[in-house]
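Undergrad: Sending over a structure as structure tokens; questions will come in a sec.
Numbering (our numbering), first residue to last: 68 to 399.
Below you can see the structure in the form of structure tokens.
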């Protein structure tokens, strides 16, 4: 079964039958209303995370180095607890080996469709819960050429971040934790909730933590810490912006700055405003021996297509990719 959604409409393709549901989220044969914004905090639940991984028949793979990805894994943990194993994964890394017959959940992330189709022969089922438009486009393109195995399911929802998609998938009508709402508000770059920027700046410095500690974090504490961090961030972004230079990706010119990933969104959007096209932040990752690049844009300029050209992906206004040194120097 394959599930796709675009711009608020999602379609469940199952045995050539088409179901349209909005604003509900299909979970198997049941539909649940998307929960409204709430301000409740986490209900603390303790799980022991020391069980032998080989004894687990559920594997959750989530987007590494990403607040939304980590929160998506936490939302899965609220469902499975210590019955599952949780592993952070990165783009351009192969799908980890897993025992035959396992249930595999991939959250806030998606591997190449052909790779997942091949893996479906070994897994009892694979469920992808994601919101990146580039991955959804890849699925649509694949379905024009070949069929999707019945034990491989996809849910793509552009209107939600990864953590909220996973929360709704497993929890249905249950109130989403307030922290998840702020993470989504930041990840989708809406900033419609009060204090989102401050809260997420403070949270960024706390991650990674274990899931039990994550759900005990107080919003008030994050807000107080974040106000100070936000002032420092704004000062650093202003200074870094002065080092900008032009860069060319394929036929498109934009502005770039050498900066670590914590500045990708704030700095990238300023660069996009100044260039009128895209902003790019980059740094060299010594261990992986590649340049990690973050792309941001405003309006109609689609950076997900640029990222896909170099093996990456993401959203229309926020995407990323990594390339070797020789390829990167060709951008200058």
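The beta carbon of each residue, even a glycine, is placed where N, CA and C say it ideally should be. This one's a predicted model, so the numbers in the text were calculated from it and none came from an experiment.
So who's on the other strand from residue 348, going by DSSP bridges?
TA: Paired residue(s): 324 and 361.
Undergrad: Could you check whether residue 247 and residue 138 sit closer than 7 Å to each other, using their CB atoms as the reference points?
TA: Yes, these two residues count as a Cβ contact at 7 Å.
Undergrad: Just checking, does the stretch 223 to 234 make contact with the stretch 140 to 157 on the three C-beta pairs under 8 Å criterion?
TA: Yes: at least three Cβ pairs fall under 8 Å.
Undergrad: State the DSSP-derived secondary structure class of residue 271, mapped to helix, strand or coil.
TA: If DSSP states are grouped into helix, strand and coil, residue 271 belongs with the helices.
Undergrad: Taking the C-alpha atoms as reference points, what is the distance between residue 339 and residue 382?
TA: Roughly 15 Å separates the two Cα atoms.
Undergrad: What separation, rounded to the nearest whole angstrom, lies between the Cα atoms of residue 297 and residue 265?
TA: If you take the alpha carbons of residue 297 and residue 265, they lie about 6 Å apart.
Undergrad: Rounded to whole angstroms, what's the CA-CA distance from residue 203 to residue 237? Just pull it up for me.
TA: Rounded to whole angstroms, residue 203 to residue 237 spans 21 Å at the Cα level.
Undergrad: Could you tell me if residue 258 is buried or exposed, where buried requires 16 or more neighbouring beta carbons within 10 angstroms of its beta carbon?
TA: Its Cβ having fewer than 16 others within 10 Å, residue 258 is exposed.
Undergrad: For residue 397 and residue 176, what's the separation of their Cα atoms in angstroms?
TA: If I take the Cα positions, the gap works out to 28 Å.
Undergrad: Could you check where the beta strand (DSSP E) with residue 313 kicks off and where it finishes?
TA: Segment 312 to 316, the beta strand (DSSP E) holding residue 313.
Undergrad: Starting from residue 153, trace the beta strand (DSSP E) both ways and give me its first and last residue.
TA: Here the beta strand (DSSP E) through residue 153 covers 151 to 156.
Undergrad: Please state whether the Cβ-Cβ distance between residue 229 and residue 198 is less than 7 Å.
TA: A contact, by the Cβ cut-off of 7 Å.
Undergrad: Could you give the residue range of the alpha helix (DSSP H) that holds residue 232?
TA: Run containing residue 232: 229 to 238, per the alpha helix (DSSP H) assignment.
Undergrad: Beta-carbon within less than 6 Å of residue 385's beta-carbon, same chain only, minus the 5 sequence neighbours each way: which residues are those?
TA: Here the set comprises 363.
Undergrad: In the DSSP assignment, what residue or residues form a beta bridge with residue 172?
TA: In the DSSP output, where bridge partners are listed per residue, residue 172 has 127 and 194.
Undergrad: When you compare the CB positions of residue 320 and residue 313, do they come within less than 7 Å of one another, or not?
TA: Closer than 7 Å, so yes.
Undergrad: Taking residue 365 as the reference, give the member of 344, 353, 379 and 377 with the closest Cα.
TA: Ranking 344, 353, 379 and 377 by Cα distance to residue 365 puts 344 first.
Undergrad: Distance check for residue 212 and residue 218, CA to CA, integer angstroms please.
TA: Going by the C-alpha atoms only, they are around 18 Å apart.
Undergrad: Ends of the alpha helix (DSSP H) at residue 223?
TA: Counting along the chain, residue 223 falls outside any alpha helix (DSSP H), though it belongs to the beta strand (DSSP E) covering 219 to 223.
Undergrad: From this set, 318, 367 and 310, which residue's C-alpha is nearest residue 326's C-alpha?
TA: Comparing Cα-Cα distances from residue 326 to each of 318, 367 and 310, the minimum goes to 310.
Undergrad: Classify residue 300 as buried or exposed, calling it buried when 16 or more other Cβ atoms lie within 10 Å of its own Cβ.
TA: By the 10 Å Cβ count, residue 300 comes out buried.
Undergrad: Below 8 Å on the Cβ atoms is my contact criterion, and I expect residue 151 with residue 174 to pass it. Report the Cβ-Cβ distance as a whole number of Å.
TA: Not a contact, Cβ separation roughly 11 Å.
Undergrad: Quick one: residues in its chain with C-beta nearer than 7 Å to the C-beta of residue 123, no 5 flanking neighbours on either side, listed in chain order?
TA: Answer for residue 123: 150, 151 and 152, listed in chain order.
Undergrad: I need the straight-line Cα distance from residue 251 to residue 332, nearest angstrom please.
TA: One C-alpha to the other measures close to 14 Å.
Undergrad: In the DSSP assignment, find the unbroken beta strand (DSSP E) run with residue 389 in it and report its ends.
TA: Where residue 389 is concerned, the enclosing beta strand (DSSP E) stretches over 385 to 390.
Undergrad: DSSP has residue 319 in a bridge; who is on the other side?
TA: DSSP lists 316 as partners of residue 319.
Undergrad: What's the C-alpha gap between residue 303 and residue 329?
TA: Rounded to the nearest angstrom, the two C-alpha atoms are 11 Å apart.
Undergrad: Starting from residue 284, follow the alpha helix (DSSP H) in both directions and report where the run begins and ends.
TA: Note, residue 284: premise wrong, no alpha helix (DSSP H); not H, not E.
Undergrad: How long is the line joining the alpha carbons of residue 380 and residue 374, rounded to whole angstroms?
TA: Using only the alpha carbons, I get a separation of about 5 Å.
Undergrad: How many angstroms separate the CA atom of residue 240 from the CA atom of residue 227?
TA: Their Cα atoms are separated by approximately 15 Å.
Undergrad: Can you tell me which of the three DSSP states residue 113 falls into?
TA: Below a pLDDT of 50, predicted positions are generally treated as unreliable, and residue 113, at 29, falls in that range; the measurement from the model is reported next regardless. Looking at residue 113 - three-state DSSP - the assignment turns out to be coil, as it is neither helix nor strand.
Undergrad: Distance check for residue 253 and residue 288, CA to CA, integer angstroms please.
TA: For residue 288 and residue 253, the distance between alpha carbons rounds to 18 Å.
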